[in-house]
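K.L.:
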Amino acid sequence: MALSLIVLAAGLGTRMKSEKPKVLHELAGAPLLAHALAAGRALEPARVVVVAGHGAEAVRALAQEIDPAIEVAVQEQQLGTAHAVAQARPLLEGFAGDALVLYGDTPLVRPETLEAMRAARGRADLVVLGFEAAEPGRYGRLVVEGDALERIVEAKDASPEELRITLCNSGVVMADAPTLFSLIEEVGNDNAAGEYYLTDIVAIARARGLTATVVRCDEEETLGVNSRAELARAEAVFQRRRRAEALEDGVTLVAPETVFFSFDTVIGRDVVVEPNVVFGPGVTVETGAQIRAFSHLEGCHVSDGAVIGPFARLRPGAEIGEGAKVGNFVEVKAAEIGPGAKVNHLSYIGDAAVGEAANIGAGTITCNYDGVMKHRTEIGARAFIGSDTMLVAPVKVGAEAMTASGSVITEDVPEGALAIARARQEVKPGLARRLMARLRQIKARKAEQEG
Ligand code: UD1
Ligand code: CA
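Per this note's numbering, the sequence shown starts with residue 14, numbered consecutively.
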């Protein structure tokens with residue numbers, strides 16, 4: 014059956030104390046809303062509607078960036094979750110399939126859980142995702158009888174007896190779309206918050222003779238982000254899950270709790286990740302590569318058997334070839350490091366191509382920026398760049414060419430040539446000793462005058 018996804022994201026998020034709409038705050042390098050959308054979109058919905066309010070334009074921009082087919086309904090005033098869902102109605106007019114309602118600030122819900130809800134639709138008209146709460150607090154309580162869900166009562170409106178219920182409402186609901194919208198029509202706002210509660214649809218459905226049931230998930234999955242502290246908690250949960258997945262997939266993490274992943278990190282088998290490594294967005298590491306301690310990677314691709322770090326920084330556009338080495342205090346940006354090439358120490362390689370098996374000496378810098386424009390450096394296969402070479406781009410060093418240490422290379426170096434571009438050395442016999450003696454004399458005279 015066709016599915017439509019409705020993601021509620023109109024709330025202000027006052028407790029974030031932020032200029033930014035809450036759902037745009039990032040978890041593992043991606044906005045909260047992107048996480049919720051990814052979980053929902055894993056079910057391949059035919060339609061996706063995001064209900065935006067506060068910061069609607071920024072929310073719309075993100076939704077469009079994720080997929081231009083995502084539609085946005087604007088809820089001008091936040092009158093409650095049922096009112097929010099109602100805003101999606103005009104867009105979904107005539108849609109005959111099921112609707113799944115998610116919250117944009119609940120990033121950890123798993124696609125498997127949503128699949129279980131879809132399966133449960135076979136046995137009930139309305140499916141609500143619930144969880145056993147360690148501290149039920151402000152959550153809505155699920156009033157059940159056997160397998161049937163009778164109603165949901167918000168904490169604010171609950172009796173002391175109802176407050177003792179620990180089975181809580183996650184907010185995720187699934188029903189036939191026309192039925193959902195027709196149930197919402199009947200929701201009023203005569204309650205403690207004066208809001209139109211989506212949760213009221215359960216009792217309304219039951220009164221109509223429809224059935225409702227609960228699918229349970231881990232409390233962790235329903236963690237909603239309302240404050241920076243909760244954002245940090247959600248991040249911790251994400252990282253813990255992701256580390257466990259990496260280990261499960263055959264990645265060695267020497268100290269898992271010190272490695273940080275992004276939402277889209279891809280790591281192959283037999284990769285070894287040493288302690289204190291950060292993967293920013295857009296990183297792929299192939300089989301058998303080694304990411305050594307204290308390295309920071311983002312927007313890059315590391316091929317089979319390459320060794321990165323310790324203390325390396327790979328920035329967007331770094332493409333590291335098979336078996337290549339990028340060592341300590343090396344930064345690579347928008348550059349290909351060819352198979353087997355080595356950049357072992359203290360270098361900056363930006364806007365460049367380094368050929369196969371080339372050797373880049375310590376302290377090499379591609380001077381890629383003239384203050385206005387960026388220029389490229391090309392280094393051929395098996396070239397040998399002497400330590401402390403400045404490569405003033407645009408410049409090319411041919412295959413098997415060499416540059417002498419300390420050279421400032423401003424002109425192309427042909428294949429197989431040696432370029433020396435540094436001042437010639439002069440040697441003054443005895444001058445060092447004479448100079449030192451003179452300096453000591455000056456110092457002694459000064460001390461005499463002052464004392
Ligand atoms: C809601 C549920 C509660 C559940 C809890 C789980 C209702 C009435 N209550 O309570 O049973 O235990 O979530 O976290 O549904 N939103 C809008 N427009 C609105 C109101 C809310 O888009 O007018 C969005 C918010 O941005 C948020 C989500 O809906 O993403 C939930 O709203 P929130 O006000 O946080 O609901 P809770 O009071 O937490
Ligand atoms: Ca909430």
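Using N, Cα and C, we set each Cβ at its ideal position, and we do this for glycine too. Computed from a prediction, not measured in an experiment: that's the story for all the values here.
#1: Is the beta carbon of residue 382 within less than 6 angstroms of some heavy atom of ligand 1?
#2: Please state the DSSP three-state secondary structure of residue 37.
#3: For residue 440, does the count of other Cβ atoms within 10 angstroms reach 16, so buried, or fall short, so exposed?
#4: For a test of the three-state rule: what should DSSP assign to residue 271, helix, strand or coil?
#5: May I ask you to check if the CB of residue 41 is nearer than 6 angstroms to at least one heavy atom of ligand 1?
#6: Which residue marks the beginning of the alpha helix (DSSP H) containing residue 256, and which one marks its end?
#7: Specify, as a first and last residue, the run of the alpha helix (DSSP H) that residue 456 falls within.
#8: Among all the DSSP beta bridges, which residues are the ones paired with residue 397?
#9: Tell me the DSSP secondary structure of residue 195 in three-state form.
#10: Going along the chain, which residues of its own chain have a beta-carbon closer than 8 angstroms to the beta-carbon of residue 237, five neighbours each way excluded?
#11: Can you tell which of 417, 458, 229 has the C-alpha that lies nearest to the C-alpha of residue 160?
#12: Specify the secondary structure class of residue 387 as computed by DSSP and reduced to three states.
#13: In the structure shown, what three-state DSSP assignment does residue 53 receive?
#14: With H, G and I counted as helix, E and B as strand and the rest as coil, what does DSSP make of residue 465?
#15: Any heavy atom of ligand 1 closer than 6 angstroms to the beta-carbon of residue 334?
#16: Take residue 200 as the anchor and find which of 381, 174, 97, 53 has the nearest alpha-carbon.
#17: Output needed for residue 102: all residues of its chain with C-beta closer than 6 angstroms, excluding positions within five of it in sequence on either side, in chain order.
#18: From residue 350 to residue 269, what distance separates their C-alpha atoms?
#19: Determine, for residue 430, whether the minimum Cβ-Cβ distance to residues of chain B falls below 7 angstroms.
#20: Is residue 64 near ligand 1 - that is, is its Cβ less than 6 angstroms away from at least one heavy atom of it?
#21: Given this structure, state the Cα-to-Cα distance separating residue 146 from residue 168, to the nearest angstrom.
#22: Just curious, the alpha helix (DSSP H) that residue 14 is in, first and last residue?
#23: Under 6 angstroms Cβ to Cβ from residue 28, same chain only, skipping five residues before and after it: list those, please.
#24: Just to confirm the assignment, what range does the beta strand (DSSP E) spanning residue 166 have?
#25: How should residue 260 be labelled, buried or exposed, when 16 other C-beta atoms within 10 angstroms of its C-beta is the threshold for buried?
#26: If we require 3 or more residues per run, which beta strand (DSSP E) segments fall completely within the region 311 to 368?
#27: Could you check which residue in 399, 391, 423 has the C-alpha nearest to that of residue 411?
#28: Taking the continuous alpha helix (DSSP H) assigned at residue 29, which residues delimit it?
#29: What does DSSP give as the partner residues of residue 303 in its beta bridges?
#30: Short check: CB of residue 72 to CB of residue 34, under 7 angstroms?
#31: Report the residue ranges of all alpha helix (DSSP H) runs contained in full by the region 196 to 226; include only those spanning at least 4 residues, in chain order.
#32: Who are the near neighbours of residue 83 in its chain, counting only those whose CB is closer than 8 angstroms to its CB and skipping five residues on each side?
#33: If we call anything under 7 angstroms between Cβ atoms a contact, is residue 94 one with residue 153?
#34: Does DSSP put residue 83 in a helix, in a strand, or in coil?
#35: Which same chain residues end up closer than 6 angstroms to residue 25 when comparing Cβ atoms and leaving out the 5 residues on each side of it in sequence?
#36: The beta strand (DSSP E) with residue 145 in it runs from where to where?
P.N.:
In brief:
#1: no
#2: helix
#3: exposed
#4: helix
#5: no
#6: 241 to 261
#7: 444 to 463
#8: 372, 415
#9: helix
#10: 116, 118, 119, 184, 243
#11: 229
#12: strand
#13: helix
#14: Residue 465 lies beyond the stretch modelled for the chain, which goes from 14 to 464, so this question has no answer here.
#15: no
#16: 97
#17: 194
#18: 28 angstroms
#19: Given the protein chain composition of this structure (a single chain), no chain B is represented.
#20: yes
#21: 13 angstroms
#22: No alpha helix (DSSP H) contains residue 14, which DSSP labels as neither H nor E.
#23: 239, 240
#24: 161 to 166
#25: exposed
#26: 325 to 327, 331 to 333, 338 to 341, 343 to 350, 355 to 358, 361 to 367
#27: 391
#28: Taken as a continuous stretch (DSSP letters only), residue 29 belongs to no alpha helix (DSSP H), as it is neither H nor E.
#29: 285, 320
#30: yes
#31: 214 to 220
#32: 50, 61, 62, 63, 76, 77
#33: no
#34: coil
#35: 67
#36: 139 to 145
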